[in-house]
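The first sequence lines up with residues 20 to 292 when you count with this note's numbering. Glycine included, C-beta positions come from ideal geometry on N, C-alpha and C.
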Amino acid sequence: MPELPEVETIVRGLRRQVVGKTMAAVRLFWPRSIEGSAAEFHRQLKGMTVAGIFRRGKYIGVEGEDGTFFTIHLRMTGKLVRELAAPDRKHLRVQFMFSDGTALYFIDARKFGRLRLWPCRGLSCPGLGPEPLRASAVLAALRALRTMRPIKSVLLDQAVLAGIGNIYADEALFAAGIHPLRPLSSLSGKEILRVSRSAPRVLHEAIGRRGTTLRNYRSVDGRSGENQEHLNVYGRTGEPCCECGSPIERIRINSRSSHFCPGCQKKMSDAGR
DNA sequence: AACAGCACCTGTAGGC
DNA sequence: TGCCTACAGGTGCTGT
């Protein structure tokens, strides 16, 4: 479900809601949501006072005052909410009860989301690329790679850049005017520069709109995002492109949908743009 | 190296 | 209504 802008929105909400609170009780309704020992997870978290909340890529990190650190990855349908709405009840996987009487619920219809104790303090992780929020970071990451893989696959690779998912990869490529199947190594310097600028831009814009709500994403206080009103290609198969009017096409890349405008995103290099 | 296929799971939408 | 298929914002494994 959530990509970087949605996770960032959730993290900002969590900071306001749970920092400083103490977990009086933790209940695991679906223990497989916990990676590693569920018993150990429960033992470590009970009584923990939350000192800080962090984001790294699509991971949420929660640090306790005693240095305990755990992560939450929401995968496709994970949600963190303060209030348990009736339809969410059957998807409740983990419940955190705080000593002030408030609660935080981990809801996850498809059960893909994972919580786990993190071995070290902080969210350093050797498998994650840099944050794609600055053009210079994206540029450096793309320039360091030489591969014939499609640019879309590269953007989705969390080891290259951490946080971009299917929506924002498609939107960033549309904004840059680059076809998703173009091999990275075929991109000109100017084209690499365009992607490096468009990816942070679409992410920052989406954060400003508190993310994209297509189905079940909600911020911690239950609000929808607004970025779905501003998508140019994702989920718009057959609709006219806002720039040139061509019908948006959908193809499969690495078994995932890719949406693009055949008029604005040519398959061949377009040095003239 | 990089791909497809499948696994993990459930819900929803559309065709018949 | 039911049955079927396809599809979904993610990641990780296996085989080729």
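query, result
"Are the Cβ atoms of Val157 and Leu180 separated by less than 8 Å?", "yes"
"Quick one, are the C-beta atoms of Gly125 and Leu99 less than 8 Å apart?", "As written in the sequence, residue 125 is Phe, which differs from the Gly given in the question. Cβ distance < 8 Å, so Phe125 and Leu99 count as in contact."
"Considering Gly32, what are the terminal residues of the alpha helix (DSSP H) in which it resides?", "Leu23 to Val37"
"Identify every residue that forms a DSSP beta bridge with Arg71.", "Contrary to the premise, residue 71 reads as Gly rather than Arg in this sequence. Beta-bridge pairing links Gly71 to Glu82."
"Looking at the structure shown, is Ala58 part of a helix, part of a strand, or coil, going by DSSP?", "helix"
"Checking the sheet assignment: what are the DSSP bridge partners for Asp127?", "Gly97"
"Am I right that Val252 and Phe279 are in contact with their C-beta atoms under 8 Å? What's the rounded C-beta distance?", "6 Å"
"Measure the alpha-carbon distance for Ala122 versus Leu200 and round it to whole angstroms.", "45 Å"
"Report yes if the C-beta distance between Phe89 and Arg135 is below 8 Å; otherwise report no.", "yes"
"Considering only their Cβ atoms, is the gap separating Ile72 from Val113 smaller than 8 Å?", "no"
"Can you look up Phe89 in the DSSP assignment and give me helix, strand or coil?", "strand"
"Could you have a look at Gln114 and say whether DSSP puts it in helix, strand or coil?", "strand"
"CA-CA distance, Val69 and Ile170?", "39 Å"
"Among residues of its own chain, excluding the 5 on either side of Ala191, which ones have a beta-carbon nearer than 6 Å to its beta-carbon?", "Ser217, Ala218 and Val221"
"Could you tell me the distance, in whole angstroms, from the CA atom of Ile91 to the CA atom of Lys77?", "9 Å"
"Helix, strand or coil for His249, going by three-state DSSP, please let me know.", "helix"
"Locate the alpha helix (DSSP H) running through Ile170, then write down its first and last residues.", "Ile170 to Leu175"
"Between which residues of its own chain and Leu64 is the CB-CB distance below 6 Å, once the five residues before and five after are set aside?", "Met42 and Val45"
"Which residue marks the beginning of the alpha helix (DSSP H) containing Leu212, and which one marks its end?", "Gly208 to Gly227"
"Mapping DSSP to helix, strand and coil, what is Leu47?", "strand"
"For the alpha helix (DSSP H) containing Leu161, name the first residue and the last one.", "Ala154 to Arg162"
"Can you list, in chain order, the residues of its chain with a C-beta nearer than 7 Å to that of Gly148? Leave out the 5 residues immediately preceding and following it.", "Ala160, Gln177, Ala178, Val179, Leu180 and Ala181"
"Kindly list the residues whose CB is nearer than 6 Å to the CB of Ile226, restricted to its own chain and excluding five residues on each side of it in sequence; keep chain order.", "Pro24 and Glu27"
"Is Glu258 a contact residue of the ligand ADP, with contact defined as CB to any heavy atom under 7 Å?", "The ligand content of the structure shown is nil, which means the ligand ADP is not present either."
"Please work out which residues of its chain come closer than 7 Å, Cβ to Cβ, to His198, disregarding the five sequence neighbours upstream and downstream, and give them in chain order.", "Phe279, Gln284, Lys285 and Lys286"
"Buried or exposed for Arg229, going by 16 or more other Cβ atoms inside 10 Å?", "buried"
"Going by the CB atoms, is the gap between Arg140 and Leu83 shorter than 8 Å?", "Checking the displayed sequence, the identity of residue 83 turns out to be Gly instead of Leu. Result no, Cβ atoms of Gly83 and Arg140 do not sit closer than 8 Å."
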